[in-house]
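J.:
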Amino acid sequence: MITKRVETILDRYRVTAGKGFRLKGFDPGDTGGLSLEKDGAAALLQQGVDRLAELQDMLYAQDRWSVLCIFQAMDAAGKDGAIKHVFSGVNPQGCQVHSFKAPNAMELDHDFLWRHSTALPERGRIGIHNRSWYEEVLVVRVHPQFLGGQKLPPNLVGKKIWAERLEDIAAYERYLARQGTVVLKFFLNVSKAEQKRRFLSRIDEPEKNWKFSANDVAERAHWDAYMTAYEAAIRGTAAAHAPWFVVPADTKWFTRLVVVAAIVQALEELDLHYPKVTKEQKAALEVARKALV
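In my numbering, the protein residues as written are 6 to 298.
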């Protein structure tokens with residue numbers, strides 16, 4: 006169980022209705038009044054990781070629901086680290102991770118949702134999408150020249166294309182929810198100043214050099230355009246059945262605590278339990294016991 010205090014803090018970051026949403030209302034440096042030392046945040050995080058492992062085991066055994074966790078963020082916001090720590094206790098057999106890069110030639114010959122649809126989690130499993138279909142209304146919106154490579158009929162590429170894509174995404178997520186897929190979307194909200202600090206760390210520390218790309222700085226120049234795109238995406242697709250969590254990302258331990266708390270809370274609402282054994286199955290177990298003895 007997540008504590009009442011963490012549950013209350015979680016409500017700050019959940020967005021279930023896009024009307025009136027403003028990204029500037031969310032502080033990337035917020036820690037919900039918690040302190041790493043004073044409040045034992047590390048212990049709270051471990052409790053969340055342990056509880057997630059328990060719930061995932063029941064999810065897998067029950068084999069009815071699936072969970073899709075979508076992670077979106079600017080570079081250096083901590084997506085990889087959050088995924089690594091939050092899911093550290095989960096059985097790998099019940100978890101599927103997909104990291105989406107630029108689409109390849111075959112993927113460009115399909116609709117923009119196709120490659121993501123083929124990576125959806127099966128019933129009983131948690132799917133983790135490191136970037137997702139939202140790239141189509143984020144990076145493609147900021148760099149509209151990428152639309153040219155998608156081979157869309159020219160008359161379908163109009164001024165309303167971003168609103169149309171958000172409408173399609175919202176409808177698709179509603180469809181998934183109706184099929185038993187719990188959709189949880191996390192925007193790791195890092196500040197521009199903290200991103201700069203992390204970029205410099207990647208340059209200055211040799212063991213982190215591999216993480217840095219010159220393209221990261223180039224994308225940073227489009228910061229305002231990305232914030233506008235993220236705000237529009239959250240505003241256009243936030244729903245009770247597919248909520249967004251605008252997670253403060255300047256403090257890594259707090260980012261991870263919010264993410265694990267959100268997933269645990271969603272799973273606890275599913276009434277997960279291990280399958281009940283029928284009389285016939287119990288009789289078969291007794292036969293097996295006697296044969297083994």
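C-beta atoms are modelled at their ideal positions from N, C-alpha and C, and glycine is treated no differently. Quick caveat: nothing in here was measured; it's all calculated off a predicted structure.
Can the beta-carbon of Gly23 be found less than 7 angstroms from the beta-carbon of Ala182?
T.: Cβ atoms of Gly23 and Ala182: not closer than 7 angstroms.
J.: Taking the beta carbon of Ile268 as the centre, do at least 16 other beta carbons fall within 10 Å, making it buried, or is it exposed?
T.: Looking at its Cβ environment, which holds 16 or more other Cβ atoms inside 10 Å, Ile268 is buried.
J.: Once the 5 residues before and after Ala78 are set aside, which same chain residues still bring their CB inside 6 angstroms of it?
T.: Closer than 6 angstroms at the Cβ level, and outside the excluded window around Ala78, lie Lys84 and Leu193.
J.: Which residues bound the alpha helix (DSSP H) around Ser137?
T.: Element bounds for Ser137: n/a, residue is neither H nor E.
J.: With 16 as the cutoff for other CB atoms within 10 Å, does Gly153 come out buried or exposed?
T.: Exposed, because fewer than 16 other Cβ atoms sit within 10 Å of the Cβ of Gly153.
J.: Thinking just about the alpha-carbon of each residue, which of Ser137, Leu64, Asn96 and Glu140 is nearest to the one in Gly129?
T.: Nearest C-alpha to Gly129: Leu64.
J.: Could you please give the first and the last residue of the uninterrupted alpha helix (DSSP H) stretch that includes His90?
T.: Lys84 to Val91 is the span of the alpha helix (DSSP H), which, as asked, contains His90.
J.: Name the residue from Thr233, Lys287, Ile75 and Arg179 whose alpha carbon lies nearest to the alpha carbon of Lys29.
T.: The residue with the shortest Cα to Cα distance from Lys29 is Thr233.
J.: Could you check what DSSP says for Thr260 in three-state terms: helix, strand or coil?
T.: Correct three-state label for Thr260: helix.
J.: How many angstroms separate the CA atom of Pro97 from the CA atom of Ala58?
T.: If I take the Cα positions, the gap works out to 10 angstroms.
J.: Starting from the C-beta of Leu275, find all residues in its chain whose C-beta is less than 6 angstroms away, skip the five residues before and the five after it, and write them out in chain order.
T.: Only Trp70 meet the Cβ criterion.
J.: Please tell me whether Val251 and Gly53 are closer than 7 angstroms, where the distance is taken between their beta carbons.
T.: The answer is no: Cβ separation not under 7 angstroms.
J.: Report the rounded CA-to-CA distance for Asp32 versus Pro211, giving the unit in angstroms.
T.: Cα to Cα, Asp32 sits roughly 31 angstroms from Pro211.
J.: Touch check for the region 207-221 and the region 120-135: three-plus C-beta pairs under 8 angstroms?
T.: Flag = no, the region 207-221 and the region 120-135 do not touch.
J.: Are the CB atoms of Val144 and Val72 nearer to each other than 7 angstroms?
T.: For Val144 and Val72, no; Cβs fall outside 7 angstroms.
J.: For the region 11-25 and the region 273-289, state whether three or more C-beta atom pairs, one from each stretch, are separated by less than 8 angstroms.
T.: With a cut-off of 8 angstroms, the region 273-289 and the region 11-25 do not count as touching, because too few Cβ pairs lie within range.
J.: Does the separation of the CB atoms of Asp80 and Asp221 fall below 7 angstroms?
T.: Closer than 7 angstroms, so yes.
J.: Mind checking whether Val147 and Arg170 have CB atoms under 7 angstroms apart?
T.: Against a cut-off of 7 angstroms, the Cβ pair of Arg170 and Val147 comes out as no contact.
J.: Taking 8 angstroms as the limit between beta carbons, can you name the residues of its chain near Trp258, skipping five residues before and five after?
T.: The residues are Leu41, Ala46, Ala47 and Leu50.
J.: Taking all protein chains shown into account, do 16 or more other C-beta atoms lie within 10 angstroms of the C-beta of Lys164, making it buried, or fewer, making it exposed?
T.: By the neighbour-count rule (16 or more Cβ atoms within 10 Å), Lys164 is not buried but exposed.
J.: Any idea what DSSP makes of Val72, helix, strand or coil?
T.: It is a strand residue.
J.: Considering Val292, what are the terminal residues of the alpha helix (DSSP H) in which it resides?
T.: Element bounds for Val292: Lys284 to Leu297.
J.: In the structure shown, what three-state DSSP assignment does Pro108 receive?
T.: It is coil, neither helix nor strand.
J.: Between the Cα of Glu273 and the Cα atoms of Gln61, Leu15 and Gly34, which residue gives the shortest distance?
T.: When each option's Cα is compared against that of Glu273, the closest is Gln61.
J.: Do Trp228 and Lys201 come within 7 angstroms of each other at the CB atom, strictly closer than that value?
T.: Cβ atoms of Lys201 and Trp228: not closer than 7 angstroms.
J.: Consult DSSP for Gln184 and reduce its assignment to one of helix, strand or coil.
T.: Reduced to three states, the DSSP call for Gln184 is coil.
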